[in-house]
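1 is the number of the first residue of the sequence shown in full-length UniProt numbering; add one for each residue after it. A short worksheet on the structure shown next.
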Amino acid sequence: MANIDMHTHSTASDGVNSPAQNVRLAAEKGLGGLAVTDHDTVSGVSEALGEAASHSNFLCIPGIEISTLDNGHDIHVLGYFIDHENAEFLSKLEELRTVRNKRNEKIVKNLQELGISITMEEVTAKRKSSSGNIGRPHIAEVLMEKGIISSLREAFDKYLGKGKLAYAITERISPAEGVKIILDAGGVPVLAHPGLYDQDELIPQLKEHGLAGLEAYHSDHSAEQEVHYRNLAERYQLIPTGGSDYHGVRNGKVFHGDLGNRYSDLITVEKLKSLSIKYR
């Protein structure tokens, strides 16, 4: 099987499994490969590539998911086949993580103001790797541990999701800047889960800046949305991709979807690869 999950997270950011564990799990499931797309970091790529080399005919794609902001809305841009050792690229990612940390602190403060006993120290302790990024799922873990909510989904629906009680945003780069960072690192930019934004007007705008693909198939997209974004990808001559957005299992539940439940075929992956600088 050549199905390749193009959207996965590891302990390098807010996933539960190490990069190597994700590769092994994908191989056990019979997937032909996966893309490592941690939030604002590529620190898990080398480990995943090393593990992938021990599995016959398994493709591991160096990638990233960059966090951006447009008119107060979180927009994520995936990057594939990037040069994950590019010094300038790594420096820019360090700046992005500084902003991410500020946002985490604001969310924790908002929770405290709601009367919830929580500290950044407790959140940091939920990191699965000492060098991993901290994200909202780590905050959710603390809330679950304290019995305030029962699941990751409930945490986002009540406190952490857009417009919810403890939601916070900080100044971030624009989606167009996110696209440029990926292009400058020799990668191929794809707009992540567009169905979560309700901002379809962004798609042609980002196409003008070099956007190459659209994540039409995602765990949180309805069947109707998948058809809609597949059609938009065709209209704007973008490559439609698919990925689970797998973060692992927390409290017995998978968030957003199980590894391999959305994927791209090898033909799609080869199209993306042909647009990269280092890997084509």
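Ideal Cβ positions, reconstructed from N, Cα and C, are used throughout, including at glycine.
Would DSSP call Leu78 helix, strand or coil? Note: Leu78 maps to strand in three-state DSSP.
Enumerate in chain order the residues of its own chain whose CB-to-CB distance from Met120 is below 8 Å, with the five nearest sequence positions on each side excluded. Within its own chain, the residues whose Cβ lies closer than 8 Å to the Cβ of Met120, once the five positions on either side in sequence are excluded, are Asn104, Glu105, Val108, listed in chain order.
Rounded to whole angstroms, what's the CA-CA distance from Lys126 to Arg235? Just pull it up for me. Whole-angstrom Cα-Cα distance: 43 Å.
Return yes when the Cβ of Arg230 is within less than 9 Å of the Cβ of Ala216, no when it is not. Taking C-beta atoms as the reference points, Ala216 and Arg230 count as a pair closer than 9 Å.
Less than 9 Å separating the beta-carbons of His77 and Ala52? Looking at the sequence provided, one finds Val at residue 77 rather than His. Going by C-beta atoms, Val77 is not nearer than 9 Å to Ala52.
Coarse secondary structure for Ser117, derived from DSSP in three states: For Ser117, the secondary structure class from DSSP, reduced to helix, strand or coil, is coil.
Using the three-state DSSP reduction, which class does Asp157 fall into: helix, strand or coil? Annotated three-state conformation of Asp157 is helix, per DSSP.
Straight-line Cα distance separating Tyr80 from Val36: If you take the alpha carbons of Val36 and Tyr80, they lie about 9 Å apart.
Report yes if the CB atom of Ile82 is closer than 9 Å to the CB atom of Gly187, and no otherwise. Going by C-beta atoms, Ile82 is nearer than 9 Å to Gly187.
Could you check whether the region 84 to 96 touches the region 198 to 213, counting it as contact only if at least three pairs of C-beta atoms, one from each stretch, sit closer than 8 Å? Short answer: they don't touch.
Runs of beta strand (DSSP E) wholly within the region 163 to 228 (minimum 3 residues, chain order): Taking only runs of at least 3 residues, the beta strand (DSSP E) segments lying wholly in the region 163 to 228 are 188 to 191, 213 to 218.
Taking CB distances under 9 Å as the criterion, tell me whether Val227 reaches chain B. Chain labels in this structure do not include chain B; a single protein chain is all it has.
Work out the CA separation of Val99 and Glu224 for me, nearest whole Å. In this model, Glu224 and Val99 are separated by some 35 Å (Cα to Cα).
Rounding to the nearest angstrom, what Cα-Cα distance links His39 and Ser117 in this structure? Near 27 Å, if we compare the C-alpha coordinates of Ser117 and His39.
Glu47 - partner residues in DSSP beta bridges: Looking at the DSSP assignment, Glu47 forms no beta bridge with any residue, so it has no partner.
In whole angstroms, what separates the C-alpha of Glu95 from that of Ile75? Distance between the alpha carbons of Glu95 and Ile75: 17 Å.
Looking at C-alpha atoms only, which residue of Gln199, Gly50, Lys273 is the closest neighbour of Ala20? The candidate whose alpha carbon is nearest that of Ala20 is Gly50.
By DSSP, does His138 sit in helix, in strand, or in coil? It is helical.
Quick one: what's Ile66 bridged to in DSSP? For Ile66, which the question treats as bridged, DSSP gives the partners Val77.
Helix, strand or coil: how does DSSP classify Arg250 here? Taken through DSSP and simplified to helix, strand or coil, Arg250 comes out as strand.
Rounded to whole angstroms, what's the CA-CA distance from Asn133 to Glu226? Just pull it up for me. In this structure, the straight-line span from the alpha carbon of Asn133 to that of Glu226 is close to 30 Å.
Leaving aside the five residues before and after Lys29 along the sequence, list all residues of the same chain whose C-beta is less than 8 Å from its C-beta, in chain order. Annotation for Lys29: Leu259, Gly260 place their beta carbon closer than 8 Å to its own, counting only its chain and skipping 5 residues before and after.
Near Ser43, what residues of its chain come up, given a Cβ to Cβ distance below 7 Å and the 5 sequence neighbours on each side ignored? Excluding sequence neighbours, Ser43 sits near Ala12, Ser131.
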